[in-house]
Amino acid sequence: MAAASAGMAVDLGSIVEQVAQEKGIEKKVLIETMEAAILKAAQAVFGPTRELEARFNEDTGNIDLFQYMTVVDDVSLPEREIELDVAKEHGLDAEIGEELGFQVFWHPRDAERARQQDKEFGDVLDMKQARSAFGRIAAQTAKQVLLSRVRDAERDIIFNEYKDRQGQLIRGIVRRFEKGHNLIVDLGKTEGVLPAREQTPRETYRPGDRIVAFVKNIDRESRGPMIILSRQSPTLVDKLFEAEVPEIYEGIVKIVGVAREPGSRSKIAVTTRDSDVDPVGACVGIKGSRVQAVVQELRGEKIDIVPFDPDPARYIINAIQPAEVNKVIVDEADHRMELVVPDEKLSLAIGRKGQNVRLAAQLTGWKLDIISDSKFRQMEDEALVVLKEIDGVDEELAKAIFRLGFRALEEISEAAVEELAQIEGVETEERAAELKRAADGTTERLRRERIQRASSQIEPLTEREKLRFVPGVGLRTLQLLEEAGYRTITDLAREDADRLAIRTGLGIKKARQIQQGAEYFLKSEAREIEEARAQLAAQRAAQAAAPNAASDEA
0 MAAASAGMAV
10 DLGSIVEQVA
20 QEKGIEKKVL
30 IETMEAAILK
40 AAQAVFGPTR
50 ELEARFNEDT
60 GNIDLFQYMT
70 VVDDVSLPER
80 EIELDVAKEH
90 GLDAEIGEEL
100 GFQVFWHPRD
110 AERARQQDKE
120 FGDVLDMKQA
130 RSAFGRIAAQ
140 TAKQVLLSRV
150 RDAERDIIFN
160 EYKDRQGQLI
170 RGIVRRFEKG
180 HNLIVDLGKT
190 EGVLPAREQT
200 PRETYRPGDR
210 IVAFVKNIDR
220 ESRGPMIILS
230 RQSPTLVDKL
240 FEAEVPEIYE
250 GIVKIVGVAR
260 EPGSRSKIAV
270 TTRDSDVDPV
280 GACVGIKGSR
290 VQAVVQELRG
300 EKIDIVPFDP
310 DPARYIINAI
320 QPAEVNKVIV
330 DEADHRMELV
340 VPDEKLSLAI
350 GRKGQNVRLA
360 AQLTGWKLDI
370 ISDSKFRQME
380 DEALVVLKEI
390 DGVDEELAKA
400 IFRLGFRALE
410 EISEAAVEEL
420 AQIEGVETEE
430 RAAELKRAAD
440 GTTERLRRER
450 IQRASSQIEP
460 LTEREKLRFV
470 PGVGLRTLQL
480 LEEAGYRTIT
490 DLAREDADRL
500 AIRTGLGIKK
510 ARQIQQGAEY
520 FLKSEAREIE
530 EARAQLAAQR
540 AAQAAAPNAA
550 SDEA
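Residue numbers (numbering that gives the first Met the number 0): 0 to 553.
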C-alpha cells in the first residue's frame, strides 16, 4: 500500500493524462471526480465539521488538501475557528473574520513538512494522529475512484456509440455461456447478452459461432453487458427482410405486420406504394433466393408472405393461406370473424396444433373461428329453428336475419335498431323495434320452458345448464362467462357488476342485468325448481313403494 501511495504521489498527474487520452475521457472530469473523492475521504478521517478543500496541483501532479479556519474573538467551533490571540502567538498576521488556510501535508514525500507543521500548529489543527491514516486511505480512494470513473466513462462511450442501433440488426461472435443459459456475444468494441428468454427454441450455439440478432434494448444501468439482444422478436424477421430486399429498404415495399412463433413459423404481410411492383414477389426473390436467405438465417423457420389488403375480410383470407375460404362472417362488435372452409381443408386452415389460425389472428389483430362447410350448415339449420321461434318470423325472414350474422335471440335483443332495420324484410326502425321486443319475449319464454323441464325431472343438472336459467344468458354470453372463469350462478351473484363487465367484455348494462338476474334466480326460481324436484322424487318413491306393499299384503 505504501508503494501505491508513493506511486500516486509521484505519478497521479501523468496517470490522469494517460487515462484521459486512452479512454477518451476529459482530463477535467477525472480531476474533479478525484478531488471530490479525496475531499469525501478527508471528511471521513478528519471529521465532517472541518472546512476542507481538495485541489489538484498542476505543478506537482497531485491533489493537495487544505483546511480553512476563521479568526474569531471567542472560539465556539474548535475545528473551524481560531482565536485572534492564538493566531498572533503563532506568528500569523490576521484580523477578525479573516479565513486562514492550512495545507494538510499527507503525501509521504511531505513527511518532513508535516512534522514541522505539527510542531508549529499541532495544537491548532489537531490532526497529527489522523494524518498518517489518511495518506493510505487517500491513495486507495484515488485509485478506486479512478478505476470506477474509467469504467463509467467506458460505459458512456459504448452507450453513446450503440444507442442509435437499438431496433437494428447486429452481428457478433458467440463467446461463452453464463448462468441461466444467457449467451455472451462479442460485438467488437463491447459485449452483448442474448438472454435465455430471447433465444429461439431448438437453436443451439457454440463458442465461435457467428450470430445475427436484433438489438432489443440498451440498458445503461445494467451491471453486466448493457446491450440486450433478441432472436425471438418478430422485428428480427422484419429487419432481416429489410436487409435482403432492396425494395423494402428503399420504402417501395412495406412490411405491414409480422406474426411469429420463433423457431417454427412466421407470417408477414406486405404492401407496396408502386402498383408496378409485386410486394410478395419482391420478398420471395428470383427462385426464392431472398426468402431462403432469411429462412437460412432463422435456421429453417418457415415463412409465409401474404399481401396486405385494407379490407379486413380479404386481408384475413390472405393471412389464412394456404387454406381456401368459402365464406367470411364478420362480427365487428366483438372484433371477430368466422371463416367457413371446405371440409377437406379444415385441418390445413387450422394448422398443426392450431398454429396457422393463431398466426393469422396475430397478424391481422382479429379473433378467428374456423368452421367447416358441413358444420356451418348444421349451425345454420339450428339457428333457423331458434329464429323461427320469434313471433312473426317465418323461414324466409329467419334466413335474411341469419345472412346478416345474427345467430341467436340474444344477438337480436342486444342489436341496435338501426342495424336490424338493414335486414331484408324488416327495413324500418319501427319493425326493427318490434323484432327486438319479440326476441326478448321469446328469450324469456324459452328460459321459462327450460326451468319447467328442469322442474319435471330428478336427474342432476350441470352448472352449465343452470347458468342458462339466468335472465340474459344465451349461448354467446355463456361462452364469454366461461372464458372469463365464471362457472356457477353463485359466481355471478357474488361478483361486482363493473368487474364482471371488464373480465367478460360485456357492456356494463348487460353485466348488471346478468348479475341481478343471478341474484333473483337464486332467491326465487332456484327454490321453486328444488321444491318441484323434491316433490317429484317423493312421488316416484311412493309409486315405487306401492307395488311392494301390495305384494306383502298378498
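All residues carry an ideal CB built from backbone N, CA and C; glycine is no exception.
Beta-ladder partner(s) of residue i, from DSSP
i	result
Phe-55	Ile-62
Leu-408	DSSP output for Leu-408 lists no bridge partner at all.
Leu-168	Phe-213
Thr-69	Glu-80, Glu-98
Asp-439	None, per the DSSP bridge assignment.
Lys-366	Arg-335
Arg-264	Glu-260, Lys-301
Ile-183	Arg-175, Val-192
Val-252	Thr-271
Glu-50	Tyr-67
Val-293	Beta-bridge pairing links Val-293 to no other residue.
Ile-227	Val-192, Asn-216
Ser-371	Val-340
Pro-306	Val-269
Residue i, enclosing beta strand (DSSP E) - first and last residue
i	result
Thr-503	Here Thr-503 belongs to no beta strand (DSSP E); instead the alpha helix (DSSP H) covers 496-503.
Gln-102	98-103
Arg-196	Note, Arg-196: premise wrong, no beta strand (DSSP E); not H, not E.
Val-329	326-330
Ile-389	That residue, Ile-389, is in no beta strand (DSSP E); it is neither H nor E in DSSP.
Supposed close pair residue i, residue j - CB separation, criterion 8 angstroms
i	j	result
Ala-437	Ile-389	5 angstroms
Ser-263	Glu-202	About 11 angstroms; that fails the 8 angstroms criterion.
Ala-407	Leu-466	About 15 angstroms separates the two Cβ atoms, so there is no contact after all.
Ala-569	Leu-480	There is simply no residue 569 to check, as the chain begins at 0 and stops at 553 in what is shown.
Glu-409	Thr-442	7 angstroms
Leu-145	Leu-29	7 angstroms
Tyr-161	Ile-217	6 angstroms
Thr-271	Ile-251	6 angstroms
Thr-503	Ala-483	5 angstroms
Asp-72	Ile-95	6 angstroms
Ala-536	Ile-450	No, Ala-536 and Ile-450 are not in contact; Cβ-Cβ is about 17 angstroms, not under 8 angstroms.
Host alpha helix (DSSP H) of residue i (start-end)
i	result
Phe-468	First-last for Phe-468: undefined, no H or E at that position.
Leu-124	110-124
Ile-315	311-318
Ser-346	345-349
Ile-285	Per DSSP, Ile-285 belongs to no alpha helix (DSSP H) and is neither H nor E.
Leu-403	From DSSP, Leu-403 is part of no alpha helix (DSSP H); its letter is neither H nor E.
Glu-417	416-419
Asp-490	488-493
Ala-43	26-45
Thr-427	Careful: Thr-427 lies outside any alpha helix (DSSP H) and carries neither H nor E.
Phe-240	233-243
Tyr-519	507-519
Gln-478	474-482
Reference residue i; option with closest CA among the options
i	options	result
Thr-489	Gln-231, Glu-482, Ile-513, Ala-93	Ile-513
Val-469	Arg-430, Phe-520, Arg-452	Phe-520
Gly-171	Ala-43, Leu-535, Ile-210, Val-144	Ile-210
Lys-509	Leu-535, Glu-481, Ala-533, Gly-471	Gly-471
His-180	Ala-195, Gly-166, Arg-357	Ala-195
Met-336	Lys-352, Arg-351, Gly-350, Ile-319	Ile-319
Thr-48	Pro-77, Ala-537, Ala-500, Ala-212	Pro-77
Arg-175	Ala-415, Gly-207, Val-356, Leu-145	Gly-207
Gln-165	Lys-142, Ala-212, Val-173, Tyr-204	Ala-212
Ser-232	Glu-246, Glu-197, Ala-537	Glu-197
Asp-237	Ser-265, Asn-216, Ile-251	Ser-265
Val-276	Ile-247, Thr-476, Arg-452	Ile-247
Phe-405	Asp-333, Glu-429, Leu-505	Asp-333
Gln-515	Val-356, Gln-167, Arg-493	Arg-493
Arg-554	Arg-219, Glu-177, Lys-215	Residue coverage of the chain in this structure runs from 0 to 553, which leaves residue 554 outside it and unanswerable.
Gly-60	Leu-38, Lys-26, Ala-40, Lys-87	Lys-26
Val-340	Arg-313, Glu-464, Glu-429, Ser-373	Ser-373
Residue i Cβ short of 8 angstroms to the ligand FAD heavy atom set
i	result
Arg-444	With respect to the ligand FAD, the structure offers nothing, as it holds no ligand at all.
Short CB-CB distance (under 9 angstroms) between residue i and chain D
i	result
Gln-320	Given the protein chain composition of this structure (a single chain), no chain D is represented.
Handout entry: Meets three-Cβ-pair contact criterion under 8 angstroms: the stretch 359-369 and the stretch 249-259
Key = Enough Cβ pairs lie closer than 8 angstroms, so yes.
Problem - Cβ contact check for the stretch 223-233 and the stretch 187-201: 3 or more pairs under 8 angstroms - result: Short answer: they touch.
Exercise for the section: Mind the definition here: the stretch 393-401 touches the stretch 419-438 only if three or more C-beta pairs lie below 8 angstroms; say whether that holds. Expected result: A contact exists between the stretch 393-401 and the stretch 419-438.
Exercise for the section: Assess, as a yes-or-no matter, whether the stretch 378-389 is touched by the stretch 398-415 under the definition of 3 or more beta carbon pairs within less than 8 angstroms. Expected result: Touching, yes.
Exercise for the section: Indicate whether the contact test is met: 3 or more Cβ pairs, each with one atom in the stretch 292-305 and one in the stretch 234-243, closer than 8 angstroms. Expected result: As far as the Cβ criterion goes, the stretch 292-305 touches the stretch 234-243, which means the pair count is three or higher.
Problem - Validate contact between the stretch 94-105 and the stretch 63-70 using beta carbons, cut 8 angstroms, 3 pairs - result: Here the stretch 94-105 makes contact with the stretch 63-70; the two share three or more CB pairs at distances below 8 angstroms.
Practice task
Decide if the stretch 369-377 is in contact with the stretch 342-360; the criterion is three or more beta carbon pairs, one per stretch, under 8 angstroms apart.
Solution key: Judged by Cβ distances under 8 angstroms, the stretch 369-377 makes contact with the stretch 342-360, as three or more pairs qualify.
Practice task
Count the C-beta pairs between the stretch 115-123 and the stretch 170-184 that are closer than 8 angstroms, then say yes if the count reaches three, no if not.
Solution key: A contact is defined here as three or more CB-CB pairs under 8 angstroms, and the stretch 115-123 fails this definition with respect to the stretch 170-184.
Exercise for the section: Could you say if the stretch 323-337 and the stretch 302-309 meet the contact criterion of at least three C-beta pairs nearer than 8 angstroms? Expected result: Cβ pair count under 8 angstroms is below three, so no.
Exercise for the section: Would you be able to state if there are at least three C-beta pairs under 8 angstroms between the stretch 50-57 and the stretch 28-36? Expected result: Taking 8 angstroms as the limit for Cβ pairs, the verdict is that the stretch 50-57 does touch the stretch 28-36.
Problem - Meets three-Cβ-pair contact criterion under 8 angstroms: the stretch 308-323 and the stretch 272-287 - result: Contact check between the stretch 308-323 and the stretch 272-287: fewer than three CB pairs, one atom from each, fall below 8 angstroms, which does not count as touching.
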